[in-house]
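All remarks here apply to the structure that follows.
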Amino acid sequence: MAKQALLWILRLMVGGLFIFSGLIKVNDPVGTAIKLEEYFDVFSNDIAGFFFYLKPFALYLAVFLVVIEVVLGVMLILGVKSKLTLWSLSLMILFFTFLTFFSAYFNKVTDCGCFGDAIKLTPWESFYKDVILLILIGGIILLRNHLPKSSPSWANKTTLGVFLLCTFLSIYAIRNLPFIDFRAYKVGVNIQENMQPSETLNYSYIMKKDGEEVVLDQYPSEEGYEFVEMVLKNPDALPKISDFAVWNTEGDFTEEIFAGNKLLILISSYSKMSDSNLEDIDLLVSSLKNSPVEMVLVAAASEDEIQLLKKERSWDILSLQADATVVKTMIRANPGLMLLRDGTVLSKFHHNNKPEPTEILDILLP
């Protein structure tokens with residue numbers, strides 16, 4: 001009985017964590033795909049060149065990984081195909097442990113995306129989390145003879161239902177926007193405020209004197225100290241946004257973007273941009289030309305690409321450049337729309353859900 005109870009606790013812990021982690025990423029499979037692309041870039045340079053050719057399939061792999069993560073967690077708890085589930089989880093956690101160790105040891109990908117944007121872990125925290133999971137799964141392996149030999153039909157049907165539901169939710173999130181936005185550009189936040197520390201940053205100074213290290217709250221003015229390291233004491237106060245900037249050939253327009261009412265057309269990649277709904281955006285540009293809202297094109301593209309797009313679409317609007325990673329963080333759509341009032345995000349739209357001009361004005365002028 002003690003072994004059965006321990007096994008049940010281990011199954012709940014491991015299965016529950018996989019379900020939790022998977023559901024967070026089902027909410028935003030595009031974010032998982034972006035993270036996979038980062039890994040493929042690193043691996044193609046450091047391990048083998050063929051990883052580069054996996055980048056076009058990152059989104060498909062992301063959907064598979066996030067869905068199977070939830071499904072395996074459910075199967076473990078319900079006892080569906082227990083041995084297959086156990087070995088599948090073992091292989092998955094070994095894969096994740098390798099990724100997190102690689103990130104931590106070589107400092108290549110500083111955020112593994114284990115819990116999407118909801119919970120940020122340092123590379124070493126992610127690795128230790130996976131090591132703990134490995135130990136827990138190892139405990140289940142030791143007790144595997146006590147796993148259910150078969151499962152009732154309702155458990156099999158539940159598993160199938162979870163698979164279908166998670167697949168549907170993943171595809172829906174890709175074709176629209178994440179159901180819950182955990183990023184620093186979510187609706188309701190002021191981008192300019194998120195670029196500032198939440199409080200005064202406090203540092204401690206690690207110095208060396210007479211061959212011994214000492215920690216001081218202020219930089220010493222007297223002689224005899226050798227500087228070693230400066231450590232931030234309140235890292236939670238760091239700005240949530242540290243890399244937002246927009247510019248064009250005339251200069252930096254970051255401050256200007258926070259003034260007044262702006263409807264941003266956001267493009268994270270010119271070559272990968274969907275053109276299926278550009279006609280709807282054309283209508284927005286023409287309809288809002290003399291309205292209280294200024295439309296601005298913000299693209300991670302070259303100046304030539306931006307001017308070509310504006311000419312093809314007859315967009316007589318301000319155009320700015322931005323970093324691709326920043327634009328991908330701002331919105332999970334290419335192109336996407338973001339409505340700002342004095343730097344505060346009022347609404348975000350996927351290109352599949354283009355708003356009517358009257359809807360924009362209703363949000364701005366309720």
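Note that the sequence shown covers residues 1 to 366 in full-length UniProt numbering. Every residue, glycine too, gets a C-beta built ideally from N, C-alpha and C. As the structure is a prediction and not an experimental result, all values here were calculated from the model.
For L133, the CB contacts under 6 Å within the same chain, skipping 5 residues up- and downstream, are I93 in chain order.
F227 sits in a strand when the DSSP states are folded into three classes.
Residues of the same chain with a CB within less than 6 Å of the CB of G15, apart from the 5 flanking positions on each side, are G73, L76 and I77 in chain order. A distance below 8 Å between beta-carbons, with the five flanking residues on each side excluded, links V162 to the following residues of its chain, in chain order: V70, V71 and V74.
Between the segment 278-297 and the segment 201-215, the count of C-beta pairs closer than 8 Å stays below three; the two stretches do not touch. In the pairwise beta carbon analysis, the segment 23-32 is classified as touching the segment 54-66: at least three pairs are separated by under 8 Å. Here DSSP, grouped into helix, strand and coil, assigns E213 to strand. In the three-state reduction of the DSSP assignment, K25 falls in the helix class, which pools H, G and I. Note on F18: 16 or more other CB atoms within 10 angstroms of its CB, so buried under the neighbour-count rule. With a 10 Å radius around the Cβ and a threshold of 16 neighbouring Cβ atoms, D181 comes out buried. Straight-line measurement puts the Cα of I191 at about 16 Å from the Cα of D323. Rounded to the nearest whole angstrom, the C-alpha separation of W247 and E305 is 15 Å. Remark: three or more beta-carbon pairs, one from each stretch, lie closer than 8 Å, so the segment 332-341 and the segment 251-266 are flagged as touching. For L84, the closest of I34, Y105, P148 and K35 by C-alpha to C-alpha distance is P148. Taking the Cα positions, P292 is about 47 Å away from S103.
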